[in-house]
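Only one structure is covered here, and it is reproduced in the block below.
Protein chains: 2
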Amino acid sequence: MKYSIDHKSPIPLHIQAEELLRKLISQDEYQNGRLLPNEVELAKLLAISRTTLRQAINKLVYEGLLVRKKRAGTKVNQSTVSSKSNNWLSFSQEMKLRGINIKNFELHVTWVFPDETLANFFEIKTDKKVLKMERVRGRNDGPFVYFISYFHPRIGLTGDEDFKRPLYELLEQDYSTIASLSKEEISAHAADALIAEKLQIKVNEPVLFRKRFVFDQGERPIEYNLGYYKADSFVYTVESRR
Amino acid sequence: MKYSIDHKSPIPLHIQAEELLRKLISQDEYQNGRLLPNEVELAKLLAISRTTLRQAINKLVYEGLLVRKKRAGTKVNQSTVSSKSNNWLSFSQEMKLRGINIKNFELHVTWVFPDETLANFFEIKTDKKVLKMERVRGRNDGPFVYFISYFHPRIGLTGDEDFKRPLYELLEQDYSTIASLSKEEISAHAADALIAEKLQIKVNEPVLFRKRFVFDQGERPIEYNLGYYKADSFVYTVESRR
DNA sequence: TTTGTTTATATGTTTGTACATTATAAACCA
DNA sequence: TGGTTTATAATGTACAAACATATAAACAAA
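Residue numbers (this note's numbering), protein chains in the order written: chain Y, 29 to 270; chain U, 29 to 270.
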C-alpha cells in the first residue's frame with residue numbers, strides 16, 4: 029500500500045489527503061467499523077501536519093463517512109452511504125427497471141458558448157465552447173422529459189458519440205471519466221413556451237425541474253444537466269436516515 | 029449592534045462565532061447579497077483569531093449560507109430556501125438556519141378517520157382516529173408552504189401540545205419518539221382550489237409537492253406528511269455519491 | 001479600442017505549538 | 001467482587017505566522 033501524498037503537486041495537501049482516505053476506505057483498507065490510525069500517527073505517516081489532516085477528516089466527518097469519538101478514535105461509518113447511492117443509475121436504466129420503455133423523441137448535439145453560470149461551474153472562460161446535448165424522451169404516449177446537458181471540454185467528447193448508449197457507461201468506458209458525485213436541486217416551475225412545446229403541454233402547466241451538477245472522482249465538474257419533467261409523470265424519491 | 033463573543037464561556041469560540049454570524053445574517057445586519065467584512069477585519073472585530081473565525085465561516089459555507097470568492101470576499105446567499113436530504117433539522121430550524129424568520133399563518137389540529145392509504149401506512153383500522161395537523165407557514169411577504177401531518181396514535185399526542193416548538197424536538201423530548209428514517213416523494217402539481225387558497229396563489233399555478241413517510245428507530249411508522257410548496261420559493265437539494 | 005501587465009487585496013493552504021476536554025482502561029480501595 | 005478514582009490517550013480548541021493563489025481594478029502598451 030502506498031500513502032502517496034505529493035508535496036510538489038499543485039493539488040492542496042488536504043484535498044489529496046481526503047481523496048486518499050476515501051480510496052483507502054473504499055478499498056477495504058479500512059472497512060466498515062474499523063478505526064483509522066490516530067491523528068498524530070496518521071499525520072506522521074502521510075507526512076503532513078495534524079491540522080492539514082484534520083481538514084481532510086473534517087470533510088468526511090461532515091459527510092458522515094467518518095465518526096469521531098474522543099479517546100476512542102475515528103471510525104469508518106459506511107452504512108449510511110449505501111442508502112444514498114441508489115440514485116446512480118442512468119435515466120434509461122432507471123426507467124427500464126420500472127418497466128417503462130423509453131423512446132427518444134429528439135436528440136440534438138451542438139457546440140455553444142457557456143453562459144455565466146455554466147462557465148463558473150465548469151471553471152472555464154465564457155469564450156470556450158462546450159458540448160450541449162438536448163434530448164426529449166418519453167413513452168409511446170408522448171414525451172415526458174426534456175433534458176439539456178452540458179459537458180466539460182476536459183472530457184474530450186467530440187459530439188459524434190452514440191448518445192443512445194447509457195451516458196455514464198459511455199463516459200466511463202470511452203473517456204475514462206467517472207461520475208462520482210452529483211448535487212441536485214429540485215423545484216417546481218411553470219412551463220414556458222419552449223418547454224411546453226417540447227413536452228407537448230400548455231404554457232404555464234407545472235413541470236418538475238431538476239438541476240444536476242455532476243463531478244468526477246477528483247470533484248472536478250463534468251456535467252451540468254437540466255431536466256424538465258411533465259408533472260405527474262415523474263416522482264423523485266429520497267430516503268434518508270439519521 | 030453587539031459583537032458579543034465571550035472568551036470565558038465554556039462554549040467554544042468558533043461555535044459562538046458561527047451562532048453570531050447566523051444571527052447577524054437573519055437580522056438583516058447582512059442581508060441577502062451583502063458581503064461580510066473581510067476575514068482579517070472580522071477576526072479583529074470579534075477578537076478571535078482568523079483561524080477560529082474561518083472554522084465558523086467554513087461551516088456556513090458548507091451549508092450554502094455563505095459563498096466565498098477570492099479577492100471578492102464572502103457573500104451571503106439567502107436566495108432560495110433549500111432542504112438538504114441528509115439533514116434532520118425540523119422545518120423551522122432549517123429556515124432559521126438560512127436566516128429566514130418563519131411565521132405561522134394557520135395552525136389547526138383535529139382528530140380524523142384515516143383514509144385507506146393512511147390506515148395502510150400506519151397499519152391501523154380505518155375506524156381508529158388519528159391526529160391531523162394542518163399548518164400554513166411562510167415569511168412576512170406571504171405563505172409559502174401548506175403542510176398536512178398525520179401522527180400515529182401510538183405516539184400518544186393529545187392535540188394540546190405546543191406545536192410551535194420544533195416538531196422533532198417535541199416528539200423526542202416529550203414522547204421519546206425518535207424520527208430516524210424518512211422516505212420522501214417529490215413531484216410537481218397544479219394547485220387545486222384548496223392549495224391555491226392556502227398559499228394565496230391562483231388555481232393551476234405550479235406547486236412542489238412533497239410526501240413524507242417518517243419512521244422511528246424500529247422502523248415503525250410515526251408520521252405521514254404532505255407539503256405543498258409555492259413554486260420558486262423552495263428548492264430541494266440532494267447530494268449523492270457513488 | 002483593445003490587450004497585456006502590474007498591483008493591491010481578498011481568500012486558500014500549511015505548519016508548529018500549546019493547552020483543554022473527555023472517554024475509557026487501569027489501578028486502587030472497600 | 002464491585003465500585004471509585006486516576007492516569008492516559010485520543011480528539012477538540014485556539015493562536016500566530018508565513019506563504020500561495022486568484023482576481024478586480026488600475027494602468028500601460030499595442
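Cβ atoms here follow ideal geometry from the backbone N, Cα and C, with glycine treated the same way.
It should be emphasised that the depicted structure is a prediction, and the values quoted were computed from it without experimental measurement.
To which residues of the same chain is residue i closer than 7 angstroms at the C-beta, ignoring the five residues directly before and after it?
| i | result |
| --- | --- |
| LEU63 of chain U | GLY101, THR102 and LYS103 |
| SER77 of chain U | ALA71 |
| GLU212 of chain Y | ARG238, LYS239 and ARG240 |
| GLN228 of chain U | GLY170 and PRO171 |
Looking only at its chain, what residues have a beta carbon closer than 8 angstroms to the beta carbon of residue i, apart from the 5 residues adjacent to it on each side?
| i | result |
| --- | --- |
| ILE183 of chain U | LEU199, TYR203, THR205 and ILE250 |
| PHE191 of chain Y | LEU135, VAL137, MET161, ARG163 and LEU198 |
| LYS226 of chain U | GLU134, VAL164, PRO171, TYR174 and TYR256 |
| GLU189 of chain Y | LEU198 and ASP202 |
| LYS153 of chain Y | ALA147 |
| ASP34 of chain Y | GLN44 |
So, is residue i buried or exposed, given that buried needs 16 or more other C-beta atoms within 10 angstroms?
| i | result |
| --- | --- |
| LYS36 of chain U | exposed |
| GLY166 of chain Y | buried |
| SER177 of chain U | buried |
| VAL263 of chain U | buried |
| TYR90 of chain U | exposed |
| ALA75 of chain Y | exposed |
| SER210 of chain Y | buried |
| VAL266 of chain U | buried |
| GLU151 of chain Y | exposed |
| LEU222 of chain Y | exposed |
| ASN129 of chain U | exposed |
Using a Cβ cut-off of 9 angstroms, pull out every chain U residue sitting near residue i, in sequence order please.
| i | result |
| --- | --- |
| GLY190 of chain Y | Per the sequence shown, residue 190 of chain Y should be read as Asp rather than Gly. Those do not exist, as ASP190 of chain Y stays about 23 angstroms from chain U at its closest Cβ, beyond 9 angstroms. |
DSSP three-state call for residue i: helix, strand or coil?
| i | result |
| --- | --- |
| ASN114 of chain Y | Because the pLDDT of ASN114 of chain Y is 40, which lies under 50, any placement of that residue in the model is unreliable, and the question is left without a value. |
| VAL263 of chain Y | coil |
| TYR58 of chain U | coil |
| ARG248 of chain Y | coil |
| PHE191 of chain U | coil |
| LEU159 of chain Y | strand |
| HIS136 of chain Y | strand |
| ARG167 of chain U | strand |
| ILE223 of chain U | helix |
| PRO181 of chain Y | helix |
Which same chain residues end up closer than 6 angstroms to residue i when comparing Cβ atoms and leaving out the 5 residues on each side of it in sequence?
| i | result |
| --- | --- |
| ASP143 of chain U | none |
| VAL140 of chain Y | LYS160 |
Give me the Cα-Cα distance between residue i and residue j, rounded to the nearest whole angstrom.
| i | j | result |
| --- | --- | --- |
| SER261 of chain U | LYS230 of chain U | 15 angstroms |
| ASN86 of chain U | LEU88 of chain Y | 14 angstroms |
| ASP155 of chain U | ILE214 of chain U | 29 angstroms |
| LEU236 of chain U | HIS217 of chain U | 6 angstroms |
| ARG248 of chain Y | ALA259 of chain Y | 32 angstroms |
| THR79 of chain Y | VAL95 of chain Y | 17 angstroms |
| GLU67 of chain U | ASN168 of chain Y | 58 angstroms |
| PHE119 of chain U | VAL158 of chain Y | 39 angstroms |
| ASN132 of chain U | THR145 of chain Y | 35 angstroms |
| LEU195 of chain U | LEU41 of chain U | 29 angstroms |
| PHE179 of chain U | HIS180 of chain Y | 47 angstroms |
| PRO234 of chain Y | ALA219 of chain Y | 6 angstroms |
| LYS97 of chain Y | ARG82 of chain U | 23 angstroms |
| ALA84 of chain U | PRO65 of chain U | 14 angstroms |
Taking residue i as the query, report the chain Y residues whose CB atoms sit under 9 angstroms from its CB, ordered along the chain.
| i | result |
| --- | --- |
| VAL235 of chain U | ALA216 and PRO234 |
Anything in chain U within Cβ reach of residue i, meaning under 7 angstroms, just list it in chain order.
| i | result |
| --- | --- |
| PHE262 of chain Y | SER215 |
Name, please, each residue of chain U whose Cβ falls closer than 8 angstroms to the Cβ of residue i.
| i | result |
| --- | --- |
| ALA259 of chain Y | SER215, ALA216, HIS217, ALA218 and PRO234 |
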